Amino acid sequence: MPACGHVFHRTCLAAWLSCRARPAICPACRTPAPSPPLRLYFSAAGDDEQSDGGEDETAERSAREQRDRRASEQLTRALGALRTEEAGRRLLERQLASTRRRLAQAEADLALADQRAEAKVAGRIRELESLLEVLQPAATTAATAAISDESHAVGSVQQAQQEQLGRLAKELVVRTLSYTSAPPHQSGRRLAQQQQRSRLAIHRDRRFGSRGRGESADEH
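The sequence shown begins at 662 in our numbering and counts up one residue at a time.
Take a look at the structure:
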């Protein structure tokens, strides 16, 4: 500030102090003024402005640091979430691989069990076929023998019936001849007796035939 008391802006003072005139002259009143006070004022004003600029810069730096800190915290949280997600993904991959291994082992065990079951069934079938080959001739022989026995029994019954019928026919002829040669009063009684005997003989023949057929059925 010059001795005259006039105050100027920094740009005006800078232009004034940069002039070649010594001592410096106030632009307003043309009063001479030594340069040291002016320079001191200018320096003080510059320091104040620098001080104000430093506070602004400090505030801006503090705000920037806070922003950086918040961004760093957000980045740290994001990295933590990514690490957690990656760990979960790896765990799922391990579980999936383990499940696939167990599934492959189960499929192999099932295939082996199927092979064993098929082999067992095939062996059982072969055993039954061998047993059938052994039993079939015996069954055929037994069936043939049963048929032969039944045929023999039927033939025996028929032969017995034929013999019985032959005896009855002979007896009937004999009785008829005796009836024709007997007196009339005896012929009636003899005829009645012969008829009775014929009925009894026929009845016995029927019973005998029925019994023979029943025994043949039992033997079959």
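Glycine included, every Cβ here is placed at the ideal spot set by N, Cα and C.
All values derive from a computational prediction rather than experimental measurement.
Distance between residue j and residue i (C-alpha atoms, nearest Å)
i: S848; j: A821; result: With a pLDDT of 49 at S848, under the threshold of 50, the predicted position of this residue should be treated as unreliable, though the coordinate-derived value follows. S848 and A821: Cα-Cα distance of roughly 32 Å.
i: L757; j: R763; result: 10 Å
i: K781; j: D770; result: 16 Å
i: R785; j: A767; result: 27 Å
i: L753; j: E747; result: 10 Å
i: R755; j: T745; result: 15 Å
i: P798; j: E788; result: 17 Å
i: R750; j: R738; result: 18 Å
i: D717; j: S723; result: 10 Å
i: V795; j: S759; result: 54 Å
i: A778; j: A742; result: 53 Å
i: L736; j: R761; result: 37 Å
i: D729; j: E721; result: 12 Å
i: L829; j: Q823; result: 10 Å
Distance cut-off 6 Å: residue i Cβ against heavy atoms of the ligand FAD
i: Q727; result: The ligand FAD is not part of the structure shown, which contains no ligands of any sort.
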